[in-house]
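As structure tokens, the structure follows; a few thoughts come after it.
Residue numbers (my numbering): 3 to 218.
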């Protein structure tokens with residue numbers, strides 16, 4: 003079980019940090035095309051709030067439907083690959099939208115959702131997914147939720163300050179995003195290799211279909 007909880011903490015801290023790092027970096031991606039006014043920050047914050055909401059709902063539902071860490075890790079691999087593509091796709095996306103949507107408020111909202119909806123929604127799945135699984139194991143929903151959110155917030159604090167205070171001044175934004183993507187991919191693969199499902203008695207992917215009826 004210590005390895006299981008270490009895996010949970012690794013996921014929560016890593017993706018908590020990644021979410022806030024990408025939120026800080028998104029302003030640098032948007033500003034050349036939509037400016038750096040309060041409108042842009044409004045678009046960034048509101049877009050991420052929507053993405054969080056989508057991820058929370060998805061994570062909660064999937065934790066009941068497919069209560070396996072391997073399923074979450076597979077989603078996170080997809081998320082990591084998307085993050086790695088952001089330095090390639092953001093420029094043509096922002097150019098196309100800025101040329102076709104004159105209003106910077108609508109344009110920045112559209113660009114934020116095209117670029118970040120998928121990865122941020124998947125990252126937001128981590129906390130409710132782990133809450134769902136650990137609550138089923140421990141039957142202590144309040145304590146479990148509190149600890150999960152605390153650990154995730156510690157990661158978010160670290161990601162925010164590391165990015166804003168140090169990384170942006172040391173590296174190009176695209177390189178930081180690639181670093182975030184590589185780190186997320188590494189964590190996702192480590193969690194898959196640890197086979198946490200078998201360590202805590204969750205159904206393996208092969209016979210998960212036989213247990214889905216009890217998870218709905």
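No residue lacks a Cβ here, since even glycine has one placed at the ideal position from N, Cα and C.
Item to complete: Scan the stretch 121-204 and note each continuous beta strand (DSSP E) run of 3 residues or more that stays entirely inside, going in chain order.
Response: If we require 3 residues or more, the stretch 121-204 turns out to have no beta strand (DSSP E) run fully inside it.
Fill in: Residues near residue 12 in its chain [Cβ-Cβ closer than 8 Å; skip 5 each side]
189, 192, 193
Practice prompt. Check residue 89 in the structure and name its three-state DSSP category.
Written response: helix
Worksheet item: When the distance is taken between beta carbons, is residue 74 closer than 7 Å to residue 131?
Response: yes
Item to complete: Assuming residue 125 and residue 57 form a contact by the criterion Cβ under 8 Å, report the distance between their Cβ atoms to the nearest whole angstrom.
Response: 7 Å
Worksheet entry | Where residue 34 sits in the DSSP three-state scheme | helix
Worksheet entry | Cβ-based burial, residue 261 [other Cβ within 10 Å; buried from 16] | Absent from the model: residue 261. The displayed extent of the chain is 3 to 218, so no value can be given.
Discussion item. Out of 116, 104, 81, which one is the CA nearest neighbour of residue 93?
Written reply: 116
Fill in: residue 11 (DSSP reduced to helix, strand or coil)
helix
Discussion item. Using only CA atoms, which one of 123, 112, 70, 88 lies nearest to residue 55?
Written reply: 123
Item to complete: May I ask you to report which of helix, strand or coil DSSP gives residue 39?
Response: Assignment of residue 39 by DSSP, reduced to helix, strand and coil, places it in the coil class.
Discussion item. Between the stretch 151-166 and the stretch 33-41, can you find at least three pairs of beta-carbon atoms closer than 8 Å?
Written reply: no
Item to complete: Flag this pair as yes or no: are the beta carbons of residue 30 and residue 175 separated by less than 7 Å?
Response: Using a Cβ distance threshold of 7 Å, residue 30 and residue 175 count as a contacting pair.
Worksheet item: Near residue 17, which residues of its chain fall below 6 Å by C-beta distance, leaving aside the five closest residues on each side in sequence?
Response: 125, 128
Worksheet item: Are the CB atoms of residue 1 and residue 45 nearer to each other than 7 Å?
Response: Residue 1 lies beyond the stretch modelled for the chain, which goes from 3 to 218, so this question has no answer here.
Discussion item. For residue 83, tell me which candidate among 180, 196, 165 has the shortest Cα-Cα distance.
Written reply: 180
Worksheet item: So is residue 231 buried or exposed if we call it buried at 16+ other beta carbons inside 10 Å?
Response: The shown model of the chain, from 3 to 218, leaves out residue 231, and the question about it has no answer.
Practice prompt. Measure how close the beta-carbons of residue 35 and residue 81 come, nearest whole angstrom, since I'm counting them as under 8 Å.
Written response: In fact, because the Cβ distance is near 24 Å, the residues do not count as touching under 8 Å.
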